Structures are given as C-alpha cells and as structure tokens.
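When you line the sequence shown up against the working numbering, it's residues 780 to 1154, in that order.
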Amino acid sequence: MDKWLSPADQTYVKPTSWLARLHLDGWLLLGLLLLLGTGLIAIYSASGGDINVTKNHAIRILLALGLLAVFAQIPPKTLLFFTPWVFIAGLVMLVAVIIFGDTGKGAQRWLDLGIIRFQPSELMKLALPMMVAWLFAYSAYPAHPARFVLGFFIVVLTAGLIVVQPDLGTSILIAMSGLFVLFFAGLPWKFIVGALASLAISLPIVWNFMHGYQKQRVLTFLDPETDPLGAGYHIIQSKIAIGSGGIEGKGFMGSTQAHLDFLPESTTDFIFSVFAEEFGLIGVVVLLALYSFVLLRGLYMAYRAQDVFSRLVVASFTMTLFVYVSVNIGMVSGLLPVVGLPLPLVSYGGTSMVTLMISFGIMMSIHTHKKMLSH
C-alpha cells in the first residue's frame, strides 16, 4: 500500500480488538502508564511523603489519561481539517498575551479567561507541528521548496511571539517540533547547513537581545563553580544528588539532597536528580529504558502511518518527547543550561503532562484508525 496517499483518498477499516475499538494502542499505553506510575512514586518520595501533593498529581494523571482517550477518538481526517483553524486561534492568543496577558514571575505568558488561566504556548506545542505537517498533507514527495520556506516562516513567527513574552526555552523547544516536521518532510541538506551557519553567525546578535537572567543561565552552565552559593548553587546540588546515588542508590525516600532542602524544585524540574540519588544508576537505566520503549513505539507508529500528514505529526511528536527528556536530563546533569523544563510524564505538574498526553492521544488515533484504499 502506498504510504504517501492523501488522507482524502483513504477510508477507514473497522477495528477488531477492544483496544482498537477504543482507538488505544496497547503497547504505547503500557509504556505511558509505567512512566506515570514511576513519576507518582518519585513525587511521593521527593515531596517527603506528602499525601496531598501525591493525590493532586494522581488526579492530574487521571485527567490527562481521560483527555488522551478523548483525542484518540478523533479521526485523522478531522484533525487535518481543524489544524489550520486551531493554529490561527493559537496565534491570535499569542498576540493577545503580548497585548494584555497576565504577568507572573517577570514574564507575560498567560491569558486570564475568567474560568481558567491559560498559557497559549502550551497549545502551540501541538498546533505548530501539526500546522507545518498540514502544509505537506497533499503535496508530492519531495515537496516544492516554497512549502519548506513557508513552513520555516511559520516556525519563526510562532517562536518569535513566544520569545517576546519572554520564554526563550519554550520558544526553542516549540521551534524544534516544527523543524522536525520540515526535516522528516525531506528538507534538503543545503537548507539545513545554511540554517546552522546562519544560527552560528547570529549568536552574538542573539546574546545582545537576551535578558539578564538568560545570560546568567548560560554563564552558570559554562562554569557553575564561579558562584557556588549563588547562580551555580542549584546545578551543583543537582550534580551532587546524581553522583551520590552510585550504582544502587540510597533507596526509596532516601534522598538527603531533597529532604534536607538542598535541592530546589525537587518534585518538578529536578526530580531526575532525586530519582538518581534514590535508585542509582540501575534505576536511571530502567527509567531511560521506559522512555526508549515509548520513543521506539512512536517511531514505529510513524513508520506505519499511511499518509504524509499522519507520518509527519507522529514523528514530530515522538522526537519532541526525545528532546524534552534529553534537555531535562542534560539540564540537571550540568550538560545544558537550566531552562525550567520538567521531566516528561514524571515531574509534578498538570499543564505539560496534559499537553503530552493529548499528543499521545493524537498518535493513537492516527495509528488505530486503520485505512485502506478507496476505489
């Protein structure tokens, strides 16, 4: 069967198994549940056995799983149809944030909708890669260069609206999700090399436009020991926690760095450090194996996708998870600057987890809505 057919040229086959009828992929769901369960255990320990914190996170997990199930029911054709409208709505909200958004912790990133306080950049984590994939939904392979130029413009526009909030970390991660789509769509290497060269040349200019705290993060990353009791304190404590875990770790609830308050944000950004201290290298290998299982399943689902839009969306969502995991672990290990990014599916919090679970629901929808040629 031709995997590069337009979604309009395909019809759906009625599923047989009960999981397929619910449009849930059993293997991916298993990997997600294991990661979520690991996160729940880690949060209980990192919070010092706080039942309320653990219960609140468990409620968020149930909500996120419910949303995954809901989005898994939406046929890919429907996703394709609504993608540009959702993206346009997201752009409008990003502009609204700049004009009259709520300010918190020195950044203007939220919209107060009365009932909820919403961060539009979370919506764009889904809408941007889907919009770029939409550009290639009906094109031949390889696509015309104009589509790549338009896709790159959309990525830059979206990232630019998030940068000015300011939220440099999120803008880079969202931009990468769109760039993954361009790469998987067959972006010529000359464009990739040119973009990398342009980025390298523009770094001094970017540095001049960065905020003071952003520059400090980079300087702290390069040499945290220059200010061990100030800007470098957090990353130094994080590396101490990871290193002190050794091979087998200190055991469940045994993190001295977290329980003695040496480690900041122990249930969110730095939960990997707590996990590594308590479960050691063995626990870290198991955790990375779980992430690898989910990533490999995602890549398999992308390979089995039967149209361009579906393949690009699933591949981009999968690689975005890889980037989030890599950045968080690199950040708390001192290999990357601190950008305030939680460990996916493990850290405490609702917004990031909900967004991720919706993306997995979309991936399951694409994989389980089996298609066949219509004649």
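We put the beta carbon where it would ideally sit given N, CA and C, even for glycine. As the structure is a computational prediction, the values presented were derived from the model and not from experiment.
{"Query": "Beta carbon proximity, residue 1113 to chain D, threshold 8 Å", "Result": "Although the question refers to chain D, the structure presented lacks it and comprises just one protein chain."}
{"Query": "Residues that DSSP places opposite residue 829 in a beta bridge", "Result": "According to DSSP, which records beta bridges pairwise, residue 829 is partnered with nothing at all."}
{"Query": "Closest by C-alpha distance to residue 1144, when choosing among 1083, 1122, 1098", "Result": "1083"}
{"Query": "Assumed close pair residue 846, residue 1140 - CB separation to whole angstroms, cut-off 8 Å", "Result": "7 Å"}
{"Query": "Residue 831 beta carbon near the ligand NAP (any heavy atom closer than 7 Å)", "Result": "The ligand NAP is not part of the structure shown, which contains no ligands of any sort."}
{"Query": "Cut-off 6 Å between Cβ atoms - residues of its own chain near residue 939, not counting five sequence neighbours on either side", "Result": "none"}
{"Query": "Neighbourhood of residue 877 by C-beta, 8 Å cutoff - its chain only, sequence neighbours within 5 removed", "Result": "887, 940, 943, 944"}
{"Query": "Beta carbon of residue 1117 nearer than 8 Å to that of residue 1110", "Result": "yes"}
{"Query": "Rounded distance between the beta-carbons of residue 1091 and residue 866, thought under 8 Å", "Result": "At roughly 14 Å, the Cβ-Cβ gap does not stay under 8 Å, so residue 866 and residue 1091 are not in contact."}
{"Query": "Residue 917 (DSSP reduced to helix, strand or coil)", "Result": "coil"}
{"Query": "Cβ-based neighbour list, residue 1097, same chain, cut-off 7 Å, excluding 5 preceding and 5 following", "Result": "1074, 1077, 1078, 1081"}
{"Query": "Cβ pair count under 8 Å reaching 3, the stretch 919-937 against the stretch 1056-1071", "Result": "no"}
{"Query": "Within 8 Å, strictly: CB atoms of residue 1021 and residue 1112", "Result": "yes"}
{"Query": "Residue environment, residue 1147, which counts as buried when at least 16 other CB atoms sit within 10 Å", "Result": "buried"}
{"Query": "Neighbourhood of residue 1051 by C-beta, 7 Å cutoff - its chain only, sequence neighbours within 5 removed", "Result": "1107, 1108, 1111, 1122"}
{"Query": "Alpha-carbon spacing of residue 1017 relative to residue 903, whole angstroms", "Result": "30 Å"}
{"Query": "Where residue 1121 falls: helix, strand or coil (DSSP)", "Result": "coil"}
{"Query": "Rounded straight-line distance, which links the Cα of residue 1087 to that of residue 798", "Result": "25 Å"}
{"Query": "Residue 898 and residue 1099 closer than 8 Å at C-beta", "Result": "no"}
{"Query": "Residue closest to residue 818, alpha-carbon to alpha-carbon, out of 1101, 1093, 1055, 1060", "Result": "1055"}
{"Query": "Residue 872 - DSSP class collapsed to helix/strand/coil", "Result": "helix"}
{"Query": "Close Cβ partners of residue 906 (< 6 Å) along its chain, the five nearest in sequence each way excluded", "Result": "865, 866, 869"}
{"Query": "Where residue 1114 falls, given that 16 or more other Cβ within 10 Å makes a residue buried", "Result": "exposed"}
{"Query": "CA nearest to the CA of residue 1043, picked from 1069, 1015, 1028", "Result": "1015"}
{"Query": "CB contact flag (residue 1094, residue 927, <8 Å)", "Result": "no"}
{"Query": "Residue environment, residue 782, which counts as buried when at least 16 other CB atoms sit within 10 Å", "Result": "Since pLDDT at residue 782 reaches only 45, below the 50 mark, its modelled position is unreliable, and no value is offered."}
{"Query": "Buried or exposed by the 16-neighbour rule on C-beta atoms within 10 Å, applied to residue 954", "Result": "buried"}
{"Query": "Proximity of residue 1133 and residue 824 at Cβ, strictly below 8 Å", "Result": "no"}
{"Query": "Close Cβ partners of residue 851 (< 8 Å) along its chain, the five nearest in sequence each way excluded", "Result": "801, 802, 803, 1140, 1141, 1143, 1144, 1147"}
{"Query": "Nearest neighbour of residue 1124, chosen from 1069, 912, 1085 [CA to CA]", "Result": "1069"}
{"Query": "Whole-angstrom distance between residue 956 and residue 1102, CA atom to CA atom", "Result": "9 Å"}
{"Query": "Nearest to residue 966 (by Cα), restricted to the options 921, 1027, 1137", "Result": "921"}
{"Query": "Inter-residue Cα distance where the pair is residue 1058 and residue 796", "Result": "38 Å"}
{"Query": "Status (buried if at least 16 other CB within 10 Å, exposed otherwise) for residue 1136", "Result": "buried"}
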